[in-house]
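Residue numbers (this note's numbering), protein chains in the order written: chain L, 331 to 843; chain H, 68 to 375.
Below, the structure written as C-alpha cells:
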C-alpha cells in the first residue's frame, strides 16, 4: 500500500509541477467567465465606431432610417448614464435623482426621466461622464461622390473609400476613419417589386450585419405599412393582428400538480447533463492520455526496470492509476467548484437585484436554477461516481496500451480504433436528452464502456432503477475484469521492447502466465 | 563459509522456442565483487532480470540473500539497469530520494541520504538541477547513486561503465571497491575485460546462455597456456624442440610466439636462446589476459550469435 501511494504521489507531483496542469485549472473558469460576459463587453467597448454613407435617391426613406438609429443611440446613452449614476458615491450633479440602496432595496436606483426633465437637452453634460462612442455614425458622402448621379458612377467613386484606400476626415470618434459601409437606395425603391431594384449595401465586412439588418427592418416595416394603406387597411389594426400568437404551454406529467409548467429550469435540467457528459469525456481522455505518456516515458528510458526491482508490476500499475486519478480529481473539483461558486455568487447578485424590484431579465434565474440543479439532482454525485468508474476502465486500457508500446507513435496506431469507439457517446449526446429512457439510450447504457457517458446523460430524467443499478453493477464488473486482464498484459508487456505484440499473442498472455 | 549472497541452480529461460539462458548455475559468495561477463546476446541481462525476479525462469531455482524471490528482499538489493534513464523533469536529489523511498527509507531519511551521496561524489552543485539538464555521464552517476542510496547488501550493476569517460569510470570503480570494503556484495556485468580484471574477486563468463567459466581471475588465466613472445632475425627452431614448449608459431616477420606447457619456466627459453646464439630484440613473457581467455571461450559462438 505504501508503495502504491509513493508511486501515485510521484505521478501526481510530476503532473502538478507542469504549467499545463495549472493553466488547465485556472483557464477553464476564466473561459467560462469570459465566454459568459464577452458578448456584452464586446458590444459595448470592443468595436470601434463604424462610419457609413447613406444615399437615398428615392428621397423618402433616409429620415425613417435616421430616426430609428437615433432612437437606438439614445437608449444606449441612457443606459450608460444610468449605470454611471448608480456608481458609489453618486456623482454630485445627479445625486438628487439617485436613491441609494438600503437593506430592503439593495440596489441603487436612478430617476432618469426626472433628470431629463430637469436638465433638458443637455442631460448628458454631467462632470465625469463620457458619452459612449456610437456604434454607427453616418457621415456625409465624400466630396468626389455626387449623390444624385447614376448609381454605377457613385459606386465606382465609392470603391476606394470602402476599400480603405482613401480615408474620411478625422472625426471625434476616430483620427483616421475608414468608410465601413455605403447604403444606396435607388430612385424607384418604393414602387419596385421584390427584387427588381434592391437597396445596395456595400461593405467589405460581411460578418457584421448589424447595420444592414437594422435598415432592412425599418424599410420592411415601412413598405408593408404602405401596402396595407394602399389596400385600405388601418395600420393600427395590422399591428394588433400581428401581435396575436397561438398560445402554447409546455407541461410535464412527472411534476407535481400545480407545477407542471415547463420553465427554464426544466430545460436546464434536460440539457445540463450533456455538459457534464462532455466534461466527463474530456477529463477521462485528458487524464488517460497523461497516463499513456508517463508509461511510455518510463518504458522508453528503462526506468521501468529500476521500478520493477522495487515494486511489483501490480503496485506500479495501481500506483500510477491512483496518481493520475488524483491529478484528474483535483482538476475536476476545481472546474466544477468554480462553476458552482460562480453560480452561487451570481445567484446572490440577482437575488438582491430582484429584491430591489429592478426588471429581472429572463436569464437572471439561471444561476439560481443551476444551484438548485446541483442541490436537487444526482448530477454531482453521479459525475463523481461515473468519473471514477469510467476512469478505471479507460485509464487502465490506455495504461496497458502504453505498456505495449515503446514509442508514442506505436501507441497512436493502437489508439486509433479505441478513439473511434470513444467518439460514439459524443455522437449520441444530442439525441439522448430528447428521449432519455428510449431504446437507444437504454441499449447503449448497457455497454460498459459507454455506461458512464450515457447514464450521465440520462441522470436527470429519472431512469428506471433497473437501468441505474444494473448498468452500474455491470460497469463495476467490467472494471474488475479490465484491471485483471490488463494487469496480466501489463506485467508481461512492460519489459518488452520493439514492436507491439499481435492480438493473438495478447490472448495467449491472458490464458497462461 | 557464510551463506552465499546469490545462488542460481540450473536456471533456464525460454522465449517461445528461443533459449536465452541454458541451465545456468553459479554461486556468488557474500562480500565480493563478482563479474558477469559475456558477449552481446549472451543472456546477461536476462539472467540479471531473473535474479531480480523481474522475469521468472522457465526452470531452475534462484536463492538471493536467503530468499526465494528478490521481491521479498528488495530493500536489501540495489539495481542499475543496462539502459540508463531518469525522470527528465525531476531534480537529481529527488530522483535519488524517490528510489530510496521505494526501497523502504522514510522520506526524510531518503532526502538526507541523497544530499550526502551527491556531496560525497562531487555532484553537490547539481543536486537541484533537473536530470534532463545533466550530461550523460552525470546522469549515469546520479543513477548509480540512486541504486545504492538505501545502502543495499547486494548491488547489481548491468554494464555500469558503458558511456562513462575514463575519469568517471575511475570514480565508479572507487564506488564499487568502497562497497565491497564495507562488506557489500557487488555483481556487475560487462564486456570490457579491463574492468573485470582490475575489480573482480570472482567472475563467470557466459556465452549463448551457457556458463563457460566460473572462478577467480587467476583461475581464468590458467585456462590458457602461457605464451612468450620473442623477436629475432635468427632461426628459433631450437626452441620448438624444448620439453616445456607446446608449439612455436610465427607472428609476422621476425616475430615468434612460443606457447608453454603448464609447468614450464620462461627462463628456459632465455637460456636456450643464449646457448643457440639466437639474438633477441625483444622478449615478453606475459600471463594471458582475461581478454585472451574471453576471446578463446566465447569468440567462436559470439560471432554466430545473432544480435537481439
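Cβ coordinates follow ideal geometry from the N, Cα and C atoms, glycine included.
Taking CB distances under 8 Å as the criterion, tell me whether residue i reaches chain L.
i	result
residue 119 (chain H)	yes
residue 166 (chain H)	yes
residue 291 (chain H)	no
residue 11 (chain H)	Because chain H spans 68 through 375 in this model, residue 11 (chain H) falls outside it and cannot be assessed.
residue 222 (chain H)	no
residue 144 (chain H)	yes
residue 204 (chain H)	no
Can you tell me where the beta strand (DSSP E) holding residue i begins and where it ends?
i	result
residue 467 (chain L)	466-468
residue 725 (chain L)	Residue 725 (chain L) -> not in any beta strand (DSSP E); alpha helix (DSSP H) instead, spanning 709-734.
residue 282 (chain H)	277-282
residue 317 (chain H)	312-317
residue 302 (chain H)	That residue, residue 302 (chain H), is in no beta strand (DSSP E); it is neither H nor E in DSSP.
residue 93 (chain H)	85-95
residue 376 (chain H)	Past the edges of chain H, shown from 68 to 375, lies residue 376 (chain H), and the structure says nothing about it.
residue 771 (chain L)	Here residue 771 (chain L) belongs to no beta strand (DSSP E); instead the alpha helix (DSSP H) covers 769-775.
residue 779 (chain L)	That residue, residue 779 (chain L), is in no beta strand (DSSP E); it is neither H nor E in DSSP.
residue 337 (chain H)	Where residue 337 (chain H) is concerned, there is no enclosing beta strand (DSSP E), although the alpha helix (DSSP H) it sits in stretches over 333-342.
residue 291 (chain H)	No beta strand (DSSP E) holds residue 291 (chain H); DSSP gives it neither H nor E.
What does residue i touch in chain H if you count any residue whose Cβ is under 8 Å from its own?
i	result
residue 623 (chain L)	Near residue 623 (chain L) there are no residues of chain H at all, since even the closest Cβ is about 12 Å away, more than 8 Å.
Residue i touches chain L at which residues, Cβ-Cβ below 7 Å?
i	result
residue 269 (chain H)	What residue 269 (chain H) touches in chain L: nothing, since even the nearest Cβ is about 23 Å away.
residue 138 (chain H)	642
residue 141 (chain H)	639 and 640
I'd like to know whether the C-beta of residue i is nearer than 8 Å to at least one C-beta of chain H.
i	result
residue 344 (chain L)	yes
residue 541 (chain L)	no
residue 690 (chain L)	A caution first: residue 690 (chain L) carries a pLDDT of 41, below 50, which makes its placement in the model too unreliable to give a value.
residue 284 (chain L)	In the structure as shown, chain L starts at 331 and stops at 843, and residue 284 (chain L) therefore has no counterpart that could be examined.
residue 347 (chain L)	yes
residue 687 (chain L)	In this prediction, residue 687 (chain L) scores a pLDDT of 44, lower than 50, which makes its location untrustworthy; no coordinate-derived value is stated.
Whose Cβ in chain L lies nearer than 8 Å to the Cβ of residue i?
i	result
residue 169 (chain H)	333, 336, 337, 637, 640 and 641
Chain H partners of residue i, CB-CB under 9 Å?
i	result
residue 825 (chain L)	116, 121 and 122
residue 838 (chain L)	Here the premise fails: no neighbours, minimum Cβ distance about 10 Å.
How is the alpha helix (DSSP H) around residue i delimited, first residue to last?
i	result
residue 922 (chain L)	The structure shown does not extend to residue 922 (chain L), since chain L spans only 331 to 843, so no value can be given for it.
residue 819 (chain L)	795-823
residue 228 (chain H)	Counting along the chain, residue 228 (chain H) falls outside any alpha helix (DSSP H), and DSSP gives it neither H nor E.
residue 215 (chain H)	203-215
residue 743 (chain L)	738-758
residue 761 (chain L)	Where residue 761 (chain L) is concerned, there is no enclosing alpha helix (DSSP H), given that its DSSP letter is neither H nor E.
residue 789 (chain L)	First-last for residue 789 (chain L): undefined, no H or E at that position.
residue 342 (chain L)	332-346
residue 352 (chain H)	Per DSSP, residue 352 (chain H) belongs to no alpha helix (DSSP H); it is in the beta strand (DSSP E), 347-353.
residue 635 (chain L)	633-638
residue 834 (chain L)	833-841
Contact set between the region 146-157 of chain H and chain L, restricted to residues whose Cβ is under 9 Å from the partner: Within the region 146-157 of chain H, the residues whose Cβ lies closer than 9 Å to any Cβ of chain L are, in chain order, 146, 147, 148, 149, 150, 151, 152, 153, 154, 155, 156 and 157.
Residues from the region 600-633 of chain L in contact with chain H, defined by Cβ distance under 7 Å: Result list: 631, 632 and 633.
4 or more residues per run - each alpha helix (DSSP H) lying fully within the region 238-270 of chain H: Correct list: 260-266.
Within the region 491-568 of chain L, ranges of the alpha helix (DSSP H) (whole runs, at least 4 residues): When DSSP assignments are scanned along the region 491-568 of chain L, the uninterrupted stretches of alpha helix (DSSP H) that are 4 or more residues long and fall wholly within it turn out to be 540-560.
Complete beta strand (DSSP E) runs within the region 102-175 of chain H (minimum length 3 residues, chain order): Within the region 102-175 of chain H, the complete beta strand (DSSP E) runs of at least 3 residues fall at 126-131 and 144-147.
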